[in-house]
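Numbering (this note's numbering), first residue to last: 3 to 296.
Working notes for the structure below.
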Amino acid sequence: MNGVPYRLLRHQMPMLLTGARVVGHTLLNAMIPASRPPADRGLAEAVARVIAAPPAALVDAYRAWADASGPADELPPHMVSQWSLPLVAELLLRLPFKLTSVINQGVGLRVHGPLPRNVPLHVSAAVEQIVETSGRIKVVVAVITGTAQRPSLVEARLHMSFLLPGPRAARNARESTDEPQWASAGQWQADARDGLRFALLTGDFNPIHWCGPLARRSVFRGLVLHGFGSFVRSYEVLRRHGLRCNDIDVRFVKPVPLPCSALSVQIAPVDAEGWRAIRLAGAGDAIHLTGKLR
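Shown next, in the form of structure tokens:
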């Protein structure tokens, strides 16, 4: 397994500073009742930044961890998680919800062209949707990354939920459908330190991914890999299998525990609209990720 040096931590200062703001926000609002959106809520104003090209050492370490197969002079499109998190967190801080109750539920990625290395990135983030359902508030944030010449090269949509206190409605039983003929595109596995490695690469230092004592006190009862980390590894398995998708959308169904044995990235045949169902299958009947691509 590729090592990730601690010195890369210095490249995550924007996210670390944002994390400090989140902690302060949480402490200041500790006595406020659980968040619910105001009746006249609106979408938070979009934020935009021009950021320096990610440092070569960070890109190389990220590519090595992901086992990226794309051209070395391009940024992997899923590396958007590294530079977008500070902007996304800034948006979430403007919303009237408790950030300690947010969970990451999935990501969509649409690629319009390659992201070049060693070029400043133009990044914008906006809240596209806020929907309240029983027991949670669903939020979709769109992040657009490009360059001065081509401002929209990669579109990412992050799907999140803020959990509300109290009982939640039972999930409706899914209608049984014919299972597609799944075929394996490849496998990947992770060890107990992969959560810390991905945190060093992206700045997402939620302790459930790298701090054993705190993770064991969480609802997961142990370390789990970042949802985006499981997406990155699965995406690269698909690329090595020969699938060059321009549009992929996944949901995180069940966290990947750390360490984990080999997980199987599976694909279904192409449907009438050109989509292929995908999933990440673990031991037994465990399904960690589901989605589609084309």
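For glycine and all other residues, C-beta sits at the position ideal for the given N, C-alpha and C.
On a predicted model such as this, the values are computed, not experimentally measured, just so you know.
Problem - Runs of beta strand (DSSP E) wholly within the stretch 113-154 (minimum 3 residues, chain order) - result: 123-135, 138-148
Problem - alpha helix (DSSP H) segments (min. 4 residues) lying fully within the stretch 161-248 - result: 196-204, 214-218, 229-242
Problem - Distance between Leu245 and Gly293 (C-alpha atoms, nearest Å) - result: Counting from 1 along the sequence shown, the entry for residue 293 is found at position 291. Counting from 1 along the sequence shown, the entry for residue 245 is found at position 243. Approximately 15 Å, taken between the alpha carbons.
Problem - Coil, strand or helix - Gly293 by DSSP - result: Position 291 of the sequence shown, counted from the first residue, corresponds to residue 293. Gly293 falls in the strand class under three-state DSSP.
Practice task
Have a look at the DSSP bridge pairing and note the partners of Ser266.
Solution key: Stepping through the sequence shown from its first residue, residue 266 is reached at position 264. According to DSSP, Ser266 bridges with Gln189, Ala283.
Exercise for the section: Kindly say whether Leu19, judged by its beta-carbon, lies nearer than 8 Å to any beta-carbon of chain D. Expected result: Although the question refers to chain D, the structure presented lacks it and comprises just one protein chain.
Problem - Distance, Phe207 Cα to Phe233 Cα - result: Residue 233 sits at position 231 when you count from the first residue of the sequence shown. Residue 207 sits at position 205 when you count from the first residue of the sequence shown. Near 17 Å, if we compare the C-alpha coordinates of Phe207 and Phe233.
Exercise for the section: Measure the CB-CB distance between Val145 and Leu89 and report whether it falls below 8 Å. Expected result: Working through the sequence shown from its first residue, we reach residue 145 at position 143. Working through the sequence shown from its first residue, we reach residue 89 at position 87. Yes; because the gap between Cβ atoms is below 8 Å, this pair is in contact.
Practice task
Can you say whether Val143 is buried or exposed, counting buried as having 16 or more other CB atoms within 10 angstroms of its CB?
Solution key: For this step, residue 143 is matched to residue 141 along the sequence shown. The residue is buried, with at least 16 neighbouring Cβ atoms inside 10 Å.
Exercise for the section: Assign Leu97 to one of three DSSP states: helix, strand, or coil. Expected result: On the sequence shown, position 95 is the one that residue 97 refers to. Reduced to three states, the DSSP call for Leu97 is coil.
Practice task
In the DSSP assignment, find the alpha helix (DSSP H) that holds Arg65 and state where it starts and stops.
Solution key: As a first step, residue 65 must be located in the sequence shown, where it is residue number 63. First-last of the alpha helix (DSSP H) with Arg65: 58-68.
Practice task
Measure the C-alpha to C-alpha separation of Pro73 and Phe230 and round it to an integer number of angstroms.
Solution key: Here residue 73 corresponds to residue number 71 of the sequence shown, with the count starting at 1. Here residue 230 corresponds to residue number 228 of the sequence shown, with the count starting at 1. Computed Cα separation, rounded: 21 Å.
Practice task
For Ile289, count neighbouring C-beta atoms within 10 Å of its own C-beta (all shown protein chains included) and say buried if the count is 16 or more, exposed if not.
Solution key: Locating residue 289 in the sequence shown gives position 287, where the first residue counts as 1. Classification for Ile289: exposed.
Exercise for the section: For Glu238, count neighbouring Cβ atoms within 10 angstroms of its own Cβ and tell me buried if that reaches 16, exposed if not. Expected result: Residue mapping note: residue 238 aligns to position 236 of the sequence shown, counting from 1. Buried: at least 16 other Cβ atoms inside 10 Å.
Handout entry: Cα-Cα separation, Ala22 to Glu181
Key = As a working mapping, residue 22 is identified with position 20 in the sequence shown. As a working mapping, residue 181 is identified with position 179 in the sequence shown. Going by the C-alpha atoms only, they are around 45 Å apart.
Problem - Contacting residues, own chain, Cβ-Cβ under 7 Å from Ala285 (five flanking each side not counted) - result: As a position in the sequence shown, residue 285 is number 283, starting the count at 1. Same-chain partners within the cutoff: Ser263.
Practice task
Could you tell me whether the Cβ atoms of Leu291 and Arg281 are closer together than 8 Å?
Solution key: Against the sequence shown, residue 291 aligns to sequence position 289. Against the sequence shown, residue 281 aligns to sequence position 279. Cβ atoms of Leu291 and Arg281: closer than 8 Å.
Exercise for the section: Specify, as a first and last residue, the run of the beta strand (DSSP E) that Val52 falls within. Expected result: The sequence position of residue 52 within the sequence shown is 50, counting from 1. Start and end: 49-53.
Problem - Cα-Cα separation between Leu60 and Ser83, rounded to whole angstroms - result: Taking the first residue of the sequence shown as 1, we reach residue 60 at position 58. Taking the first residue of the sequence shown as 1, we reach residue 83 at position 81. The alpha-carbon atoms of Leu60 and Ser83 are separated by roughly 13 Å.
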